[in-house]
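Novice: Got a structure for you, questions after.
In my numbering, the protein residues as written are 4 to 107.
Spelled out as structure tokens, the structure:
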């Protein structure tokens, strides 16, 4: 399950999904997309917010692309609220550390 943040809206996931599937897009192109049913100012605000939180990258001239963090978020590997990767290896390391502390 994706770990969204309190500041996110349903449109954020859709915008990121489009950017992942279709590559960099302008605010206007995204607003005109079949699955986006909000105004251009709303799309622009959402993309700025996604970029502020490192899920998207503003390339310039109103064009955005998905970031590595955005890809990881869509793949359920990034916690948008915490702004951190979900790291299953860290869990393994902590259990290993406990074993080492016990002399095993």
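Every residue, glycine too, gets a C-beta built ideally from N, C-alpha and C.
Residue 14: buried (16+ other C-beta within 10 angstroms of its C-beta) or exposed?
Specialist: buried
Novice: Tell me which residues share the same chain as residue 59 and place their Cβ nearer than 8 Å to its Cβ, disregarding the 5 neighbours each side in the sequence.
Specialist: 18, 19, 22, 50, 53, 67, 68, 69, 70, 73
Novice: Mind checking residue 40: buried by the 16 CB within 10 Å criterion, or exposed?
Specialist: exposed
Novice: How long is the line joining the alpha carbons of residue 34 and residue 46, rounded to whole angstroms?
Specialist: Cα to Cα, the separation comes out at about 6 Å.
Novice: Once the 5 residues before and after residue 83 are set aside, which same chain residues still bring their CB inside 7 Å of it?
Specialist: 6, 7, 8, 11, 56, 58, 76
Novice: Write down every uninterrupted run of the alpha helix (DSSP H) in the region 7-70 whose length is 4 residues or greater and which is fully enclosed by it, in chain order.
Specialist: If we require 4 residues or more, the alpha helix (DSSP H) runs fully inside the region 7-70 come out as 13-25, 30-34, 43-55.
Novice: Out of curiosity, what's the CA-to-CA distance linking residue 27 and residue 63?
Specialist: Approximately 11 Å between the Cα atoms of the pair.
Novice: In whole angstroms, what separates the C-alpha of residue 43 from that of residue 87?
Specialist: 29 Å
Novice: Can you give me the Cβ contacts of residue 61 inside the same chain, cut-off strictly under 8 Å, excluding the 5 residues immediately before and after it?
Specialist: 50, 51, 54, 67
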